[in-house]
Amino acid sequence: MRGQTYRPDSARDELPAAEGTVTDPSTLAPGQRLIYPGQGVCEITGVEAKEIAGQQLEMVRMRRLEDGAAVLVPKGKVASIGLRRLPTVEQVEGVFHYLGASYDAPELDWKTRHRDNADRLLLGGVLGVAEVVKGLNGLSQLRPLPTKERELYDHARHLLVAEISAALGVPPGIAEDYVDYALMPPAGVKFQLKPPPPPVLPPAKPRPRRGGIAEDLADLGLPDLELEEAEEEAEGEGEPSAAGGEEGEAEEAAPEEVRHPAAKAAAKAHPPARKTVAKKAAPKKHAPAKKAPPKKRAPAKPARGGKKK
Amino acid sequence: MIRVVTLTRVDPADLTALTKTLYRAFGVGTEHVGDREPPATNGAKGRVDAVALIAAAPPVRAFADDKVLFITDAPLTVPPGPLGEPPAYGYAEYGGRSAAMTLARLPARGVTETSIEAWRRRLAREAIHFVGHLWGLHHCCDARCAMHPSWSQSLSPTPDADLCTFCREKSEDRIRSAKT
Chain A
13 MRGQTYRPDS
23 ARDELPAAEG
33 TVTDPSTLAP
43 GQRLIYPGQG
53 VCEITGVEAK
63 EIAGQQLEMV
73 RMRRLEDGAA
83 VLVPKGKVAS
93 IGLRRLPTVE
103 QVEGVFHYLG
113 ASYDAPELDW
123 KTRHRDNADR
133 LLLGGVLGVA
143 EVVKGLNGLS
153 QLRPLPTKER
163 ELYDHARHLL
173 VAEISAALGV
183 PPGIAEDYVD
193 YALMPPAGVK
203 FQLKPPPPPV
213 LPPAKPRPRR
223 GGIAEDLADL
233 GLPDLELEEA
243 EEEAEGEGEP
253 SAAGGEEGEA
263 EEAAPEEVRH
273 PAAKAAAKAH
283 PPARKTVAKK
293 AAPKKHAPAK
303 KAPPKKRAPA
313 KPARGGKKK
Chain B
518 MIRVVTLTRV
528 DPADLTALTK
538 TLYRAFGVGT
548 EHVGDREPPA
558 TNGAKGRVDA
568 VALIAAAPPV
578 RAFADDKVLF
588 ITDAPLTVPP
598 GPLGEPPAYG
608 YAEYGGRSAA
618 MTLARLPARG
628 VTETSIEAWR
638 RRLAREAIHF
648 VGHLWGLHHC
658 CDARCAMHPS
668 WSQSLSPTPD
678 ADLCTFCREK
688 SEDRIRSAKT
C-alpha cells in the first residue's frame, strides 16, 4: 500500500474534500507539516522550479518525517492529491470517540471492503484512516485477516499513529497506546463517549452486473432446465403482446425477468403467468425422468440374453 | 544486538531465560549488560514517567542498530490521552534505540515451579513486545502474538512469548535491512 497512487475518478471528485484539505497551494509555507494521503506526515522544505519534459513547473518540496524521504509535488496538483493539514485536537478527539464506540458489523464482501478501505485511506482524512483500522480490527475478531488485508491494517495503523502523534505532540509509541486503549479497552473500563463524527462515505461505484442465481445454477450444471423455462415463459408472454405496441416493451422485458430468478419469483406472484408456466413446465421437467429408467435397465438386457445363450 | 539492562535486582536464572527467548524471537544476539542505578525520576503517586525514565536512563555502550531494554520494578506511567491513561507496561521509542518495561504489572512470581515458569514466560512476552516496537512493529490484532496490547481482554492469562507470522516476517525484514 505504500506506493498507492492517486487515480482520477469522477465519483471520488464529487465527494466533499476531507477536513483540512489544502485547496490553495499559495498558502503553503516552508516548515509547515502536512499529511500526504497514504504516505504520512511530511514537512515542507521549500518551493522550487523544475524543468520536466520541457515544461517549467513549480514544485513543492517536502520531507517525509518518518524516514526523511523527499517528496516533490507540482503546485497545480496539490489540491487533487488531497494534501491536508494536521488534524486539530478536536478532530483527534472525535476520532477517539469513534474508536471507542461499539463495533459496527464489518463489511463481509472483500471487494467492496477493499475498495472502500482504499478510498478511505486516500480521501477520508484522519477519520477515514481510523475507520479502516477499526473495520479491519473488528473483522480480525471474527476471523484471521488475509495477508493483503493484514498489510493494509498495519499500514493504516501506521498512518493513524503518525497523524495522532504529530497532532497531539506525543511520541508514536504513546499515540499507539492511546489508539489501542480506545479500540481494545482493558476489563472494567468504560468510556464516557460523545457522539462520534459522521462516517466517511466512500464514492458509490456501479457494481459489475452479475447473472445472479441463474449464473450460479449454470455453474452447477443446471442451465438447460432454466433455459427451457425461460424460453417457455418468453413464448407464453409473447402471445398476448402481439396485440399492441406498448406490450412489445413487456415482451422485451420478459427475457430479463427470466434471467433473474428473484424477478422470476416475483413474476410467480402474478396468477396468469404462474399458471401457464407451471402447466407447461411440469411435463418437460418430468420427461427426462421418465426416459432415464430404461437407460439403467439397458445394460441388464445383454446379461439376460447371455443367460439364455 | 539486544542489550538488557536491569534497574532492579532480577534473578539470574530469569535473565538467562529472558535472553534465550529474545534470541529465539528475533534471531539477534542478546546479552545482559548488568545492573544499573535507577535514574531519579519522581512521578506522581510513586510512579515513574516512562518517557522521562528513558531520557534519564544511565548510558549504555551500544553500537548502531543495537537495542537497549531497561527493566525496572517501579510502576510506570504515560501521559493521559483523550480517553484516559492507558495502563503502562512499558514504553518504547518506536523504531528507535531504547525501551523500558516494568515488572510491577506482571502477575506475582510465586514460589512454585509452575508459577515461576509462567512469570518468566510473561516477562519474556513483554520484553519481546517492547523490543518489537524498537524494530518498528505495531500492535497486532492477533491475540496470540506478543505484539498484541498487553491490557487487551482477548489476551490469554498465560500468553505465549512468540510473534505471529506477520510480525515475525516484518521484524526479520527490518533486522535484515538494518545498517549493521
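Respectively, the protein sequence lines represent chains A and B. The opening position of the first sequence corresponds to residue 13 in our numbering, with each subsequent residue numbered one higher. The opening position of the second sequence corresponds to residue 518 in our numbering, with each subsequent residue numbered one higher. Built from N, CA and C at the ideal position, the CB exists for glycine as well.
Out of curiosity, what's the CA-to-CA distance linking A/G88 and A/R76?
20 Å
Quick one: Cα of A/V128 to Cα of B/A579, how far?
For clarity, residue 128 of chain A is Asp in the given sequence; the question names Val instead. Each residue's alpha carbon lies about 45 Å from the other.
Between which residues of its own chain and B/P604 is the CB-CB distance below 6 Å, once the five residues before and five after are set aside?
If you ignore the 5 residues before and after B/P604, its C-beta comes within less than 6 Å of the C-beta of W668, all in its own chain and listed in chain order.
To the nearest whole angstrom, what separates the beta carbons of A/P183 and B/V568, a pair I think is in contact under 8 Å?
7 Å
What residues from the stretch 183-200 of chain A come within 7 Å of chain B, judged by C-beta to C-beta, listed N to C?
P183, P184, G185, I186, E188, D189, Y190, D192, Y193, A194, M196, P198, A199
For chain A, find out if any of its Cβ atoms is closer than 9 Å to the Cβ of B/E610; answer yes or no.
yes
Kindly indicate which three-state DSSP category A/A294 falls into: helix, strand or coil?
Because A/A294 carries a pLDDT of 40, less than 50, the predicted location of this residue cannot be relied on, and the following value inherits that uncertainty. Three-state result, A/A294: helix.
Go ahead and pull the three-state DSSP assignment for B/C684.
helix
Return no unless some Cβ of chain A is closer than 9 Å to the Cβ of B/G649.
no
Does A/E55 have its Cβ less than 9 Å from a Cβ in chain B?
Taking Cβ atoms only, chain B never reaches closer than 9 Å to A/E55, which makes this a no.
Is B/L532 closer than 9 Å to B/V545 when the C-beta atoms are compared?
no
Compile a chain-ordered list of the residues in the stretch 640-672 of chain B whose CB is closer than 8 Å to at least one CB of chain A.
H650, H655, H656, C658, D659, P666, W668, S669, Q670, S671
Quick check on this structure: which residue in A/E70, A/I64, A/V101 has the alpha carbon closest to the alpha carbon of A/T40?
Thr is not the amino acid found at residue 40 of chain A; the sequence shown has Leu there. Ranking A/E70, A/I64, A/V101 by Cα distance to A/L40 puts A/E70 first.
Can you give the Cα-Cα distance for A/S177 and A/A199, rounded to whole angstroms?
25 Å
Does the stretch 55-73 of chain A come close enough to the stretch 107-126 of chain A to have 3 or more Cβ pairs within less than 8 Å?
no
Does the separation of the CB atoms of A/R97 and A/G32 fall below 9 Å?
yes
Name the residues in the stretch 164-177 of chain A whose C-beta lies less than 8 Å from a C-beta of chain B; which are they?
Y165, D166, R169, H170, V173
With a threshold of 16 other CB atoms inside 10 Å of the CB of A/D166, please say whether the residue is buried or exposed.
Classification for A/D166: buried.
Take A/K62 and list the residues in its own chain whose beta-carbon comes closer than 6 Å to its own, dropping the five residues that flank it on each side.
L69, M71
Against B/L586, what residues of chain A qualify as contacts under a CB-to-CB distance less than 9 Å, listed in chain order?
Result: empty, since nearest Cβ-Cβ is about 14 Å, beyond 9 Å.
Whole angstroms are fine: how far does the CA of A/D131 sit from the CA of A/I93?
Taking the straight line from one Cα to the other gives about 13 Å.
Are A/A82 and B/P599 close, meaning C-beta to C-beta below 9 Å?
no
Based on Cα-Cα distance, which residue from A/K206, A/D192, A/P86, A/F108 lies nearest to A/V138?
A/F108
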